[in-house]
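A.B. asks: Read in order, the letters of the sequence shown are residues 1327 to 1631 in my numbering.
Ideal placement from N, C-alpha and C gives every residue a C-beta, glycine not left out.
Since this is a predicted model, take the numbers as computed values, not measurements.
Next up is a structure, given as structure tokens.
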Amino acid sequence: MTREGLPRLLAETRSGVLLFSITPPKRSTAEERIKEIAEVTLERIGGLDLDGLILYDIDDESDRNPDERPFPFLATLDPAEYYATHLDAWSQPVIIYRCVGKYREDELATWMREADPERVLSVFVGASSGGKQVRTGLRRAQELRAEVRPELPLGAVVIGERREEHLRMLAKQERGASFFISQVVYHVNETKNLISDYYYECQARGVQPRTTIFTLSLCGSLKTLEFLGWLGVDVPRWLQNSLRHAADPVAESYKHCLDIARDLRDFCEHLGVPYGFNVESVSIRKAEIEATIKLAADVAGLLGR
């Protein structure tokens, strides 16, 4: 049976959505190499049973954490331009992240007016700290979308480690967010706490819970583990120990990602919360990229595909 398109799946709060996410190439990459990367990416994900692709928008977050960044910040191509110029062969919908603070209001408005709501969705991301200078604030960007393109499906970021995050979810929902995508999940209990709080608060308010898509990402090296800590991702100590002492960190991480997916699937189905998964591929190491493709295929299996 043919599945509905991603915009409808999310609008109707269906469970079982499966997405795959990538970061556009670095801005300094040669044009021929960008073309090659795009072709290889489409070839790799072409065999997966996906509902859509996520293109991240990367911003420098050094204002949020004064510690030295484990990986240097390197500006990437604009995700909307990368999609339009190099991924036009991709037939499924695309969710384009927008770090709205980087853009003027007129730039955001023009992009939203030109986006095809049947093929393009968006997630607006706010500033990485309260003191950061921005061109457009998150709330203003949400208002702008309501003014110029209310039919553009809009999502929001969820960070399970933040206190009262379920209340933030509901506030974003009131401002037009029709789905949520989590930060990388390693701490499954924190995520289950969040979903439980969100579900029961929705019940108390008589509000329909929106689809929450959980992000899974392999952690294949100690440097990546250090970077996750820098970003504020909560990796439980027992899992850190497992990854540090594993003969093959990629295989160890792979097992835990599948366990997390299985646990969250069962928990959401028990509660009746609509859910999905986003398998993230941000590594440049071939072994991790190939393992991520396999993870997406296995998650598709968990979803009954």
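(1) Is the distance from the Cβ of I1422 to the Cβ of G1481 below 8 Å?
(2) Measuring only the C-alpha atoms, how far is A1441 from N1567?
(3) Using the Cβ count rule (16 or more neighbours within 10 Å means buried), how would you classify D1383?
(4) Ordered along the chain, which non-local residues of its own chain (more than five positions away) have a Cβ less than 6 Å from that of S1543?
(5) Name the two residues that bound the continuous alpha helix (DSSP H) containing Y1580.
(6) So, helix, strand or coil for A1626, using DSSP?
(7) CB R1591 to CB L1628, shorter than 8 Å?
(8) Quick check on DSSP: helix, strand or coil for L1542?
(9) Rounded to the nearest angstrom, how far is the Cβ of D1377 from that of L1335, given a contact under 8 Å?
(10) Tell me whether the beta-carbon of A1410 lies closer than 8 Å to the beta-carbon of G1427.
(11) Below 8 Å on the Cβ atoms is my contact criterion, and I expect T1538 with Y1601 to pass it. Report the Cβ-Cβ distance as a whole number of Å.
(12) Between the Cα of L1368 and the Cα atoms of L1520, K1352, W1416 and L1332, which residue gives the shortest distance?
(13) Which of the three DSSP states, helix, strand or coil, is assigned to V1449?
(14) Drop a sphere of 10 angstroms on the beta-carbon of P1479, count the other beta-carbons inside from all chains shown, and report buried for 16 or more, exposed for fewer.
(15) Do you know how far the Cα of L1554 is from the Cα of L1621?
(16) If you follow the beta strand (DSSP E) that V1511 is part of, which residue opens it and which one closes it?
(17) Look up R1424 in the DSSP assignment and give the residues it is bridged to.
(18) From R1465 to D1560, what does the alpha carbon distance come to, in whole angstroms?
(19) What is the residue span of the beta strand (DSSP E) that A1482 lies within?
(20) In three-state DSSP terms, what is L1381?
(21) What separation, rounded to the nearest whole angstrom, lies between the Cα atoms of L1470 and G1342?
(22) Which residues in the same chain as M1438 place their Cβ atom closer than 8 Å to its Cβ, once the five residues preceding and following it in sequence are excluded?
(23) Straight-line CA distance for K1458 to D1385?
C.D. replies: Judging by the given coordinates:
(1) Along the sequence shown, read from residue 1 onward, the residue named residue 1422 stands at position 96. Along the sequence shown, read from residue 1 onward, the residue named residue 1481 stands at position 155. Result no, Cβ atoms of I1422 and G1481 do not sit closer than 8 Å.
(2) In the sequence shown, the residue the question calls residue 1441 occupies position 115. In the sequence shown, the residue the question calls residue 1567 occupies position 241. If I take the Cα positions, the gap works out to 45 Å.
(3) As a position in the sequence shown, residue 1383 is number 57, starting the count at 1. It is buried - the Cβ of D1383 has at least 16 other Cβ atoms within 10 Å.
(4) Within the sequence shown, residue 1543 is the residue found at index 217, counting from 1. Excluding positions up to five away in sequence, the list reads V1510 and E1606.
(5) If you number the sequence shown from 1, residue 1580 lands on position 254. Element bounds for Y1580: P1575 to L1597.
(6) Residue 1626 sits at position 300 when you count from the first residue of the sequence shown. A1626 sits in a helix when the DSSP states are folded into three classes.
(7) Taking the sequence shown and counting its residues from 1, the one referred to as residue 1591 is at position 265. Taking the sequence shown and counting its residues from 1, the one referred to as residue 1628 is at position 302. Yes; because the gap between Cβ atoms is below 8 Å, this pair is in contact.
(8) Your numbering for residue 1542 matches position 216 in the sequence shown. In the structure shown, L1542 sits in a strand (DSSP, three-state: E or B).
(9) Numbered from 1 along the sequence shown, position 51 holds the residue referred to as residue 1377. Numbered from 1 along the sequence shown, position 9 holds the residue referred to as residue 1335. Confirmed, about 6 Å.
(10) Indexing the sequence shown from 1 puts residue 1410 at position 84. Indexing the sequence shown from 1 puts residue 1427 at position 101. It is not a contact, given that the beta carbons lie outside the stated cut-off.
(11) Mapped onto the sequence shown, residue 1538 falls at position 212. Mapped onto the sequence shown, residue 1601 falls at position 275. The Cβ separation is near 6 Å, so the contact holds.
(12) Locating residue 1368 in the sequence shown gives position 42, where the first residue counts as 1. The candidate whose alpha carbon is nearest that of L1368 is W1416.
(13) Taking the sequence shown and counting its residues from 1, one reaches residue 1449 at position 123. Looking at V1449 - three-state DSSP - the assignment turns out to be strand.
(14) What you label residue 1479 is simply residue 153 of the sequence shown in a count that begins at 1. Around the beta carbon of P1479, 16 or more other beta carbons lie within 10 angstroms, which makes this residue buried.
(15) Position 295 of the sequence shown, counted from the start, is the residue given in the question as residue 1621. Position 228 of the sequence shown, counted from the start, is the residue given in the question as residue 1554. The straight-line gap from Cα to Cα measures roughly 20 Å.
(16) Counted from its first residue, the sequence shown places residue 1511 at position 185. V1511 -> no beta strand (DSSP E), and no H or E assigned at all.
(17) Within the sequence shown, residue 1424 is the residue found at index 98, counting from 1. Beta-bridge pairing links R1424 to F1450.
(18) Position 139 of the sequence shown, counted from the start, is the residue given in the question as residue 1465. Position 234 of the sequence shown, counted from the start, is the residue given in the question as residue 1560. Spanning the two alpha carbons is a distance of roughly 27 Å.
(19) Working through the sequence shown from its first residue, we reach residue 1482 at position 156. It spans L1480 to V1484 - the beta strand (DSSP E) in which A1482 sits, taken as one unbroken run.
(20) By 1-based counting over the sequence shown, the position of residue 1381 is 55. Strand.
(21) Looking up residue 1470 in the sequence shown gives position 144. Looking up residue 1342 in the sequence shown gives position 16. So the two alpha carbons sit approximately 30 Å from each other.
(22) The residue you call residue 1438 lines up with position 112 of the sequence shown. Taken in chain order, the residues that qualify are S1448, L1470, R1471, V1474, R1475 and L1478.
(23) Start at 1 with the first residue of the sequence shown, and residue 1458 comes out as number 132. Start at 1 with the first residue of the sequence shown, and residue 1385 comes out as number 59. The alpha-carbon atoms of K1458 and D1385 are separated by roughly 12 Å.
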